[in-house]
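Numbering (UniProt numbering), first residue to last: 1 to 513.
Given below as structure tokens:
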């Protein structure tokens, strides 16, 4: 496909670096209403950890007496009668006993004083305000840090044959036989079975340890007669963002690197979020990737813009907003598919919501919340259409037209310690509401939640929305659950069955480590 370079106010056109040639040689395609809203979100602090108190090691002294040397008088007078036995205490000569007692007393006193001082400094080093203290021994299992670095992404769509398609991607930790990989779990409504395949070659494709990952899907040139294309984005060890695509150059089942690969370098803690907007009436499409760049205190939005077959080079815009390093990034449309609500973590550690228009690359005024959202926290957003709960007169004005913000967002995110999951809804009339009761039956004690992903980005029918949850129990192997969001939308005037009800557990998704 021929591409043409255009200039756009405020946008920087990405010039492919030399190393990008290694990836490609020719152009590719590119309401629920509740009475009382949440007033605040109770902040939960992590428990302080302190070093174990080990008993000090002392040198061991020998307390045995040396044998007495008795001269042997062979030619002299006979030996006098032996002196009376030396007084002993507990079988030990009296003088030695008191020496030993003094040493033991000294050790006990020194140990008590040392323990008190050590305890004082240990408690200081375990305080969140402590600086420069040496970390204590790691008492967690060796697998926990590795599993913390697992990433997950999901796609869902209905193909031209009305077959429901699901794809879930997850990374694997490196082991003794191969480097990290990205695996694809595939499901369709015909077979209703999961199959797993690798989309990267561990002998060739390098993944940054703990790489973030995101995915998007769409039809090239907004042409539904062409096979839908899946894009998976992740980081290489050098921090470069890459785009893994299939079908690659219209070769079914083949994965390859497309034009976005190598154009941008993400910061060490950056997450990624991808959104592919397509208008099949005007044949406009905008593919946008959100991330943080090295050395930039901002949010970068890199986009590929195509109007019909007239495509531009990748271009980027940095949005100067107070965003934390390693901020979670998630988004979903609020009504019109080009009108997003973007969720990020602010520098104060709370969730922020920004309106974002992917066609114009403009960001609106922030909505503040008090929900704790720490760096790298798993987060995803699913959607509901709740208009059928209202009449034409009771429906909020902001949701009355198809261009209004009529979609309700379901925001899933983990607690700071990843031991719990939260669910909050948002819509234009009710704002943010606590919806944790809708997932309470699916939450289990002893779990560490490692990743979240949802499937609304390519499915705007509000039917068969799914959420994928990857977790570990204790030091066990990670598992993945598939939750179904209750059906919403449907025929005008009819409330879809189960709408606004609890999430349903569909089963487990196979993962391979």
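From the three backbone atoms N, C-alpha and C, an ideal C-beta is built for every residue, glycine too. It should be emphasised that the depicted structure is a prediction, and the values quoted were computed from it without experimental measurement.
Considering Cα atoms alone, identify which of the options is closest to residue i.
i	options	result
residue 180	394, 196, 197, 203	203
residue 424	478, 402, 500	500
residue 439	317, 224, 432, 410	410
residue 306	290, 218, 300	218
residue 245	228, 236, 237	228
residue 280	360, 220, 236, 206	220
residue 158	190, 396, 475	190
residue 163	235, 294, 464	464
residue 484	472, 475, 502	502
residue 226	160, 341, 185, 513	160
residue 263	289, 269, 477	289
residue 340	372, 383, 298	383
residue 317	261, 361, 337	361
residue 480	487, 488, 456, 451	451
Assuming residue i contacts residue j (C-beta within less than 8 Å), just tell me the rounded distance between them.
i	j	result
residue 333	residue 344	Their Cβ separation, rounded to whole angstroms, is 17 Å, which puts residue 333 and residue 344 out of contact at 8 Å.
residue 232	residue 272	Not a contact, Cβ separation roughly 10 Å.
residue 398	residue 429	6 Å
residue 323	residue 346	7 Å
residue 505	residue 442	6 Å
residue 412	residue 385	Wrong, their Cβ atoms sit about 18 Å apart, outside the cutoff.
residue 168	residue 468	5 Å
residue 150	residue 171	6 Å
residue 356	residue 331	7 Å
residue 14	residue 296	About 14 Å separates the two Cβ atoms, so there is no contact after all.
residue 359	residue 286	6 Å
I need the DSSP call for residue i, collapsed to helix, strand or coil.
i	result
residue 388	helix
residue 398	helix
residue 355	strand
residue 222	helix
residue 442	helix
residue 230	strand
residue 39	Residue confidence for residue 39 is low, a pLDDT of 37 falling below 50, so the modelled location carries little weight and cannot support an answer.
residue 259	coil
residue 208	coil
residue 437	helix
residue 409	strand
residue 333	strand
residue 264	coil
residue 513	coil
residue 431	strand
residue 416	coil
residue 14	coil
residue 164	strand
residue 150	coil
residue 178	coil
residue 447	strand
residue 367	strand
residue 502	coil
residue 254	coil
residue 381	strand
residue 197	strand
residue 338	coil
residue 269	coil
residue 241	strand
residue 214	strand
residue 474	coil
residue 455	coil
residue 156	strand
residue 467	strand
residue 183	strand
residue 236	coil
residue 349	coil
Is any non-hydrogen atom of the ligand SAH found closer than 8 Å to the C-beta of residue i, if you look at the structure I gave you?
i	result
residue 443	Looking for the ligand SAH in the displayed structure turns up nothing, as the structure carries no ligands at all.
> Using 8 Å as the threshold, is the region 384-399 in touch with the region 432-450, meaning 3 or more CB pairs across them?
Replying inline: no
> Can we say the region 361-370 touches the region 410-418, given the rule of at least three CB pairs closer than 8 Å?
Replying inline: no
> Using 8 Å as the threshold, is the region 240-257 in touch with the region 307-321, meaning 3 or more CB pairs across them?
Replying inline: no
> Can you find at least 3 beta carbon pairs, one from the region 212-219 and one from the region 193-201, that sit closer than 8 Å?
Replying inline: no
> Of all the alpha helix (DSSP H) runs that stay within the bounds of the region 280-328, which reach a length of 4 or more residues?
Replying inline: none
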